[in-house]
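Peer 1:
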Amino acid sequence: MASTMFYAPTFQGRFVFFNFQRENVAKQVPSQNRISYIEAGDVRVKEYISLLNSNDPVGFNTVDLLAWGSIFIYYEKMT
Numbered sequence: 000m001a002s003t004m005f006y007a008p009t010f011q012g013r014f015v016f017f018n019f020q021r022e023n024v025a026k027q028v029p030s031q032n033r034i035s036y037i038e039a040g041d042v043r044v045k046e047y048i049s050l051l052n053s054n055d056p057v058g059f060n061t062v063d064l065l066a067w068g069s070i071f072i073y074y075e076k077m078t
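So this is what it looks like as structure tokens:
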């Protein structure tokens with residue numbers, strides 16, 4: 000049961016809500032003079048971006064897995 004409760008939100012995050020979530024994050028990215036920090040050449044942002052890379056075709060990464068998996072922990076505490 001616990002594995003189902005973990006995989007269900009993770010599956011939904013990967014296959015159902017992924018595009019919606021990425022579009023909203025893209026709207027909230029900080030910018031300077033209407034250029035994102037990555038395009039402006041900020042070195043620290045480039046170091047952080049390496050954490051978000053994955054071999055997943057869509058780009059579902061470790062941060063996404065932890066975020067969607069935390070929904071399982073929230074529901075586990077509620078019951």
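Straight run, no breaks: the sequence shown in numbering that gives the first Met the number 0 ends on number 78. Note that beta-carbon positions come from the ideal geometry of N, C-alpha and C, so glycine has one too.
#1: With Phe17 and Val57 assumed to form a contact (beta carbons below 8 Å), what rounded beta-carbon distance in angstroms separates them?
#2: Would you kindly work out how many angstroms separate the C-alpha atoms of Phe10 and Met77, rounded to a whole number?
#3: Would a C-beta distance cut-off of 9 Å place Gly12 and Asp63 closer than the cut-off?
#4: If contacts are defined as beta-carbon pairs under 8 Å, then Ala39 and Gln27 qualify, I think. What distance do you get, rounded to the angstrom?
#5: Within this structure, are the beta carbons of Phe71 and Pro8 separated by less than 9 Å?
Peer 2: Taking the structure as given:
#1: 6 Å
#2: 21 Å
#3: yes
#4: Not really, about 17 Å apart at Cβ, beyond 8 Å.
#5: yes
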